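Sequential numbering of the sequence shown, starting at 137, is according to my numbering.
Note that beta-carbon positions come from the ideal geometry of N, C-alpha and C, so glycine has one too.
All of these numbers come straight from a predicted model, not from anything done at the bench.
Before any comments, here is the structure.
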Amino acid sequence: MSIGRSWQDSMRPMAMMRMSPIRHLPSSRKIGPSPLRCNRSSPFTLSPDSRTSQGNLMFGSHLSVAGGMHNALNEAQSLKMDCVQVFTKNQRQWTVKPLTDEQIKSWDDARKQTGITDIVSHDSYLINLANPDKAKRDKAVALFREELLRCDQLGIPYLVTHPGAHLGEGEEAGIKLYCKTLGQIHKDLPGLKVITCLETTAGQGTCLGWKFEHLEQMLSDTAQSERLGICVDTAHLIAAGYDLTSRDGCVGVIDEMAEKLTLERIKVLHLNDSKIPLGKRVDRHEHIGHGTIAKVAFAHLLSEPALMDLPKILETAKEDHPDGKSWDVVNIKTLKAMQKQGIKARKA
């Protein structure tokens, strides 16, 4: 089944925004909460462990910020979502236009008005902190620093990132360089409460992060690793060879995550079905229930007690369902039904 534009393509109106060069900040700069954040009236205060009273109803989607970042929150409210993921900049460009006080105020006002406090940002796909070319890696470092600082300005607690690609140098060398690079960023930006969430990847090309062992080593070997969490993407899991084709397979995957990563380190779930069969290492998202992930696997994952109250983000195509509804609305309804089935099955 073809699902048209990808969720990434749907974010491209941001490319129309005018940008200015990246601001290269001195490594000695002390970073702490922005003055604009100190008296924020929102109950969410950049604490990664903060949770709303909505508990397991944490379902949302990656939404466009075209016309202003606050528009993503307003759209999430109109679609009756509990959480949202956004880009804080055009993710296909190296240049960054600094946030204005007006933009930050509009964002804060929208958060207060909508009551949506569980918010995730995804960084630029251009960033590769494991790039063996120092000049290119330095460019990626500058951009990633900006991503972290923008999240800090906006009070966004989680920044999801793909953990780099070794580009032919080998996985061990790539992981070692990634840990060193990210650890230095942590040292250069002390005081930030933003948690960088390393995303499980599908394993395309030389990408790192498609094995739990990769992420386990990154959590272990990166300086100030308490600033790291994990984002689990279901479409990436099955593509990378983690069996989500049955309930028993899902049980095994969760057990392995608990052993190698600990479930407490998982901060965000990307809930996507996959067009790709188990282990093919290609990243192609599909609408929930229309791909290769078993419905009973989704049900079991969604009813796992340690994961139930995490932000659950869709990254499926932005288009209308045949009945005229938003696919996001349809997919979330399907996920909620699966969660109820999973809870019922666990009690049986």
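Per DSSP, what are the beta-bridge partners of residue 332 in this structure?
Answer by DSSP bridge pairing, in chain order: 295, 364.
Residue environment, residue 196, which counts as buried when at least 16 other CB atoms sit within 10 Å:
With a 10 Å radius around the Cβ and a threshold of 16 neighbouring Cβ atoms, residue 196 comes out buried.
Taking 8 Å as the threshold (beta carbon to beta carbon), is residue 473 in contact with chain B?
The structure shown has no chain B; it contains just one protein chain.
Reduced DSSP category for residue 485 - H, G, I as helix; E, B as strand; rest coil:
The structure shown does not extend to residue 485, since the chain spans only 137 to 484, so no value can be given for it.
Inter-stretch contact at 8 Å, needing at least 3 Cβ pairs: the segment 197 to 208 / the segment 236 to 248
Contact between the segment 197 to 208 and the segment 236 to 248 is present, because at least three Cβ pairs lie under 8 Å.
Nearest to residue 230 by CA position, among 293, 256, 262, is which residue?
Taking only the C-alpha atoms, the option nearest residue 230 is 262.
I want to know whether the segment 455 to 469 touches the segment 272 to 285 - three or more CB-CB distances under 8 Å.
Segments in contact, no.
What is the C-beta distance between residue 320 and residue 417, in whole angstroms, given that I count them as a contact (C-beta under 8 Å)?
30 Å between Cβ atoms; not a contact.
Beta-carbon spacing of residue 448, residue 194 below 8 Å:
Yes, Cβ-Cβ distance for residue 448 and residue 194 is below 8 Å.
Proximity below 8 Å, CB of residue 290 to CB of residue 224:
Yes, Cβ-Cβ distance for residue 290 and residue 224 is below 8 Å.
Measure the beta-carbon distance from residue 266 to residue 325 and round it to whole angstroms, keeping in mind my assumption that it falls under 8 Å.
The Cβ separation is near 19 Å, so there is no contact.
Those residues which DSSP pairs with residue 450 across a bridge:
Paired residues: 197.
Could you tell me the distance, in whole angstroms, from the CA atom of residue 408 to the CA atom of residue 473?
Rounded to whole angstroms, residue 408 and residue 473 show a C-alpha spacing of 15 Å.
Delimiting residues of the alpha helix (DSSP H) encompassing residue 465:
Here the alpha helix (DSSP H) through residue 465 covers 463 to 483.
Mind checking whether residue 437 and residue 377 have CB atoms under 8 Å apart?
No; because the gap between Cβ atoms is not below 8 Å, this pair is not in contact.
What residue range does the beta strand (DSSP E) around residue 426 cover?
Careful: residue 426 lies outside any beta strand (DSSP E) and carries neither H nor E.
Out of 433, 406, 453, which one is the CA nearest neighbour of residue 446?
Distances from the CA of residue 446 to each of 433, 406, 453 were compared; the closest alpha carbon is that of 406.
Return helix, strand or coil for residue 412, following the three-state DSSP convention.
Assigned with DSSP and collapsed to three states, residue 412 falls in coil, not helix or strand.
Short Cβ contact (8 Å threshold) for residue 451 with residue 426
Contact flag unset, no.
Residue 350 and residue 299 look like a contact to me (Cβ under 8 Å); what is the Cβ gap, rounded to whole Å?
Between residue 299 and residue 350 the Cβ distance is about 7 Å, and since that is below 8 Å, they are a contact.
Just the Cα atoms here: how many angstroms apart are residue 238 and residue 404?
Going from the Cα of residue 238 to the Cα of residue 404 covers about 29 Å.
Contact set for residue 412: own chain, Cβ-Cβ below 6 Å, skip 5 residues either direction
Excluding five sequence positions before and after residue 412, the CB atoms of its chain that fall closer than 6 Å to its own CB belong to 375, 418, 420, given in chain order.
Can you say whether residue 482 is buried or exposed, counting buried as having 16 or more other CB atoms within 10 angstroms of its CB?
Here residue 482 is exposed: its Cβ has fewer than 16 other Cβ atoms, across all protein chains shown, within 10 Å.
Leaving aside the five residues before and after residue 322 along the sequence, list all residues of the same chain whose C-beta is less than 8 Å from its C-beta, in chain order.
358, 359, 360, 363.
Do you know how far the Cα of residue 307 is from the Cα of residue 394?
For residue 394 and residue 307, the distance between alpha carbons rounds to 23 Å.
By the three-class DSSP mapping on this structure, what secondary structure does residue 359 have?
It is coil, neither helix nor strand.
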